[in-house]
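J.: Numbering (my numbering), first residue to last: 37 to 452.
Backbone N, C-alpha and C define an ideal beta-carbon position, used for all residues, glycine too.
All of these numbers come straight from a predicted model, not from anything done at the bench.
(1) Can you tell me where the alpha helix (DSSP H) with residue 294 in it begins and where it stops?
(2) Secondary structure at residue 330, three-state DSSP: helix, strand or coil?
(3) In angstroms with no decimal places, state the Cα-to-Cα distance between residue 117 and residue 108.
(4) Return yes when the Cβ of residue 228 is within less than 8 Å of the Cβ of residue 159, no when it is not.
(5) According to DSSP, is residue 175 part of a helix, a strand, or is it coil?
(6) Contact between the region 250 to 270 and the region 399 to 412 is defined here as three or more beta-carbon pairs at a separation below 8 Å; is this criterion met?
(7) DSSP three-state label for residue 144, please.
(8) Might you give, ordered along the chain, the residues of its own chain that have their beta carbon closer than 8 Å to the beta carbon of residue 351, omitting 5 neighbours on each side?
(9) In the DSSP assignment, find the unbroken alpha helix (DSSP H) run with residue 515 in it and report its ends.
(10) From residue 282 to residue 242, what distance separates their C-alpha atoms?
(11) For residue 272 versus residue 82, is the C-beta distance shorter than 8 Å?
(12) Residue 360 to residue 129, Cα distance in whole Å?
(13) Relative to the alpha-carbon of residue 263, which residue among 386, 252, 301, 312 has its alpha-carbon at the smallest distance?
(14) How would you label residue 126, buried or exposed, when you count the other beta carbons within 10 angstroms and need 16 or more for buried?
(15) Quick check: what's the CA-CA separation for residue 157 versus residue 416?
(16) Just checking, does the region 312 to 329 make contact with the region 58 to 72 on the three C-beta pairs under 8 Å criterion?
(17) Whole angstroms are fine: how far does the CA of residue 212 sit from the CA of residue 152?
(18) Among the candidates 294, 335, 254, whose CA atom is the shortest distance from the CA of residue 454?
(19) Looking at residue 305 and residue 383, is the spacing between their C-beta atoms short of 8 Å?
(20) DSSP three-state label for residue 428, please.
(21) Please tell me whether residue 378 and residue 430 are closer than 8 Å, where the distance is taken between their beta carbons.
(22) Roughly how many whole angstroms lie between the Cα atoms of residue 120 and residue 246?
(23) Which of the three DSSP states, helix, strand or coil, is assigned to residue 319?
(24) Where residue 167 and residue 418 are concerned, what is the direct C-alpha to C-alpha distance, given to the nearest angstrom?
(25) What do you get for residue 267, buried or exposed, if any count of 16 or more other CB atoms within 10 angstroms of its CB means buried?
(26) Have a look at 48, 54, 408 and flag the residue whose alpha-carbon is nearest the alpha-carbon of residue 298.
(27) Taking the straight line between their C-alpha atoms, what separation do you get for residue 376 and residue 296?
(28) DSSP three-state call for residue 206: helix, strand or coil?
(29) Tell whether a beta-carbon distance below 8 Å holds between residue 316 and residue 393.
(30) Residue 285 and residue 421 look like a contact to me (Cβ under 8 Å); what is the Cβ gap, rounded to whole Å?
(31) Note down the Cα distance separating residue 485 from residue 368, rounded to an integer number of angstroms.
(32) Using DSSP with H/G/I as helix, E/B as strand and the rest coil, what is residue 223?
(33) Can you grab the Cα-Cα spacing for the pair residue 408 / residue 425, in whole Å?
(34) Measure the Cβ-Cβ separation of residue 65 and residue 288 and say whether it is below 8 Å.
(35) Considering only their Cβ atoms, is the gap separating residue 154 from residue 139 smaller than 8 Å?
(36) Reducing DSSP to helix, strand and coil, say where residue 365 ends up.
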């Protein structure tokens, strides 16, 4: 097979593997909903949200800085950058881990699950960084394959075993499968990076480079913490306003709706994003805008198709699950879906702004979105306690979408 043929097939193969991962994750959430009670599914949702948010605090979003810098140097220096980043992250884990392990039970996580938290967090962090590096080094196929290993493979295992074994229908089995897949993916990912022969590993840690990275990524960290806070606080807040069973329904519907962003990332953003970076650095704004318009059209089309297909499928799947709590809370899905669409569409101007090195609108939009979410949810609790959170999430995401879109258009036409 020629190189040109491989390049032509790569996007399709990438989408197929991402779709496979997406499909297995989609099945997993329904398997968990069927074989675990709603309270256990809600607890799983709290655990997952805490993992996602902790990744930000432990990683400091340093990959934002590393991503930009590592592509500017040759292979002989790239390993030195990664070593410096790893040194910082290691220190953060040493400092923050004890406090985290104390805080989790206070937040409502069962102590039996707390001991799974740190191993899974470390593996998820390592795999996230490997995935980002492979994308930056244009190894999308390898990245997607490893994504399937760490997200899809254990979902298949859990679904298969739970279907035939009642003893496996518990959260401890889920966590064990999660950790095992993460370990396998990290080993294969490290081997893939080793084959790239990145140099500079024997050089001493560059603390001045790290300090600069913290200054740069620290600003992004504020933005990321803000938008991810919406997707973390929502579950804990909903537990307080409603019940852990309603959180279980929310987690189920969120798992379905978030499939849209996963698909768009695989089919659109992961391929368009590197092109935007190049066009932005070369200040080819007219061509950049054409690419952004293409991204927007693809994202809108995919969103419309997803709305129709999911609206047809989800009632059938809820009937298969056979738990009244989810059927009773079906209206939650459409609020969650609307928020997922707003979030996905907001990524179009997000990538454009990032490519143009206009970071301030991104940061401000996320902070403002968080503020709107909190204020709206507080106000809406007087209207409907179970629906205050999803409605607040939607309003927060709409603000982020509108803010980024207006900022991009203003900067674009001002640059011409």
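T.: This is what the structure gives:
(1) Run containing residue 294: none; DSSP gives neither H nor E here.
(2) helix
(3) 11 Å
(4) no
(5) coil
(6) yes
(7) coil
(8) 366
(9) It is not possible to answer for residue 515, since the shown part of the chain is limited to 37 through 452.
(10) 48 Å
(11) yes
(12) 42 Å
(13) 386
(14) exposed
(15) 34 Å
(16) no
(17) 8 Å
(18) Nothing can be reported for residue 454, as the shown portion of the chain is limited to 37 through 452.
(19) yes
(20) helix
(21) yes
(22) 7 Å
(23) coil
(24) 43 Å
(25) buried
(26) 54
(27) 7 Å
(28) coil
(29) yes
(30) Their Cβ separation, rounded to whole angstroms, is 14 Å, which puts residue 285 and residue 421 out of contact at 8 Å.
(31) Residue numbering for the chain in the displayed model covers 37 to 452; residue 485 lies beyond these limits and cannot be assessed.
(32) helix
(33) 12 Å
(34) yes
(35) no
(36) coil
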